[in-house]
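In the working numbering, the protein residues as written are 79 to 184.
We treat Cβ as the ideally placed atom computed from N, Cα and C, and that holds for glycine.
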């Protein structure tokens, strides 16, 4: 199962995310859900670090990704992180046994 943890401020503003695991829908390399989640995560991470040019805390390894932005960058990254949240929540509705999303205040 893919586990996603969104990091948020007490007011609900997103500061980043942590993702881990594989969906188990298909073999590695041909899993449509893993591909959708990975693609969305890389899009947002690259947009934040390379397009918006925010110095985020980013870590990527096999099956894992985490990203955290500084609090001063919330306004600049709001749309990207909210878009990721909406996309992943839609996938969770379609594949409730394969992806789980949670939120934690930091």
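Going straight from the alpha carbon of residue i to that of residue j, what length do you get?
i: residue 83; j: residue 167; result: 12 Å
i: residue 156; j: residue 179; result: 18 Å
i: residue 86; j: residue 134; result: 15 Å
i: residue 184; j: residue 89; result: 11 Å
i: residue 169; j: residue 107; result: 18 Å
i: residue 182; j: residue 114; result: 23 Å
i: residue 101; j: residue 120; result: 17 Å
i: residue 116; j: residue 105; result: 15 Å
Below 6 Å CB to CB, which residues in the same chain sit around residue i once its five sequence neighbours on both sides are set aside?
i: residue 122; result: 158, 162
i: residue 91; result: 152
i: residue 96; result: 83, 144
i: residue 137; result: 144
Could you pull out every residue in the same chain whose Cβ sits closer than 8 Å to the Cβ of residue i, ignoring the five residues on either side in sequence?
i: residue 103; result: 109, 110, 111, 112, 173, 176
How about residue i: is its Cβ closer than 7 Å to a heavy atom in the ligand NAD?
i: residue 98; result: Among the components of this structure there are no ligands whatsoever, and the ligand NAD is therefore not found.
Please determine, among the options, the residue with the shortest C-alpha to C-alpha distance to residue i.
i: residue 160; options: 184, 132, 136, 118; result: 118
i: residue 131; options: 89, 115, 154, 116; result: 154
Could you give the C-beta distance for residue i and residue j, rounded to a whole number, given that I count them as a contact under 8 Å?
i: residue 69; j: residue 99; result: Outside the displayed span of the chain (79 to 184) sits residue 69, for which this structure offers no information.
Any contact between the stretch 156-164 and the stretch 137-144? By contact I mean 3 or more CB pairs, one from each, below 8 Å. No, the stretch 156-164 does not touch the stretch 137-144.
Taking three-plus beta-carbon pairs below 8 Å as touching, is the stretch 121-128 in contact with the stretch 144-153? Note that the stretch 121-128 touches the stretch 144-153; at least 3 beta-carbon pairs, one per stretch, sit closer than 8 Å.
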